[in-house]
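*Asks:* Take this structure first; my questions come after.
Residue numbers (this note's numbering): 1470 to 1610.
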C-alpha cells in the first residue's frame, strides 16, 4: 500500500507521494522577490525562513482562483512551497497505474491512482523541481 496527498489545482484533483510532502501551510502574505523565476509567485516566511512559492496552477495551465494552501516539499537543503487550491488529505492505493499509451505524459507525472470511482494524476515534486528549476529556486533567499 502506498500513500499520497490528494489536493486540487483549480477544479482538477491530483496526488503526490506522501514521502515528497513536508507540511501544509496557509501563508499570510506573499513577498515579491527580485527577478522571480518562471512560475514563481514570490516567497513567504515560514518560521523565519524565506520559502519560494511555486505557482502550480500556472505551471499546469489550470485557472486557480480564490484562497489557496501551500504544500511544502524539501529538496536537499531547499524548501519549496507549491500553491494549490485545496488539500483534501491522505489517500492510499495498492498500485500506481501507468497512463494509457495514447497519453504522452510529462516526466513529472508518475501515473494514476484510483480514487472514489475516478483517477488522480500523480505528480512528483522531485521530478518537477529538478535541474535548472531547482538551481533557480535555491537562489531565492
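Positions of the beta carbon are idealized from the N, C-alpha and C atoms, including for glycine.
Please read these numbers as outputs of a predicted model, since none were measured by experiment.
(1) Can you tell me which of the three DSSP states residue 1557 falls into?
(2) In this structure, how does DSSP classify residue 1524 when only helix, strand and coil are distinguished?
(3) Decide if the region 1546-1557 is in contact with the region 1473-1485; the criterion is three or more beta carbon pairs, one per stretch, under 8 Å apart.
(4) Determine, using beta carbons only, whether residue 1479 and residue 1535 come nearer to each other than 7 Å.
(5) According to the neighbour-count rule (16 or more other Cβ atoms, all chains shown, within 10 Å of its Cβ), is residue 1488 buried or exposed?
(6) Alpha carbon to alpha carbon, how far is residue 1579 from residue 1482? Give it in angstroms, no decimals.
(7) Within the same chain, show all residues whose beta-carbon is closer than 7 Å to that of residue 1529, passing over the 5 residues directly before and after it, in chain order.
(8) To which residues of the same chain is residue 1526 closer than 6 Å at the C-beta, ignoring the five residues directly before and after it?
(9) Would you call the CB atoms of residue 1598 and residue 1589 closer than 7 Å?
(10) Give the straight-line distance between the Cα atoms of residue 1561 and residue 1568, rounded to the nearest whole angstrom.
*Replies:* The short version:
(1) If DSSP states are grouped into helix, strand and coil, residue 1557 belongs with the strands.
(2) It is coil, neither helix nor strand.
(3) Segments in contact, yes.
(4) Cβ atoms of residue 1479 and residue 1535: not closer than 7 Å.
(5) Classified as exposed, residue 1488 has fewer than 16 neighbouring CB atoms from the shown chains inside 10 Å of its CB.
(6) Going by the C-alpha atoms only, they are around 15 Å apart.
(7) If we look at residue 1529 and ignore the five residues flanking it on each side, its Cβ neighbours are 1478.
(8) Around residue 1526, the same chain offers 1478, 1479, 1533 as residues with beta carbons nearer than 6 Å, after the five sequence neighbours per side are excluded.
(9) No, these two residues do not count as a Cβ contact at 7 Å.
(10) Our two residues, residue 1561 and residue 1568, have alpha carbons roughly 18 Å apart in a direct line.
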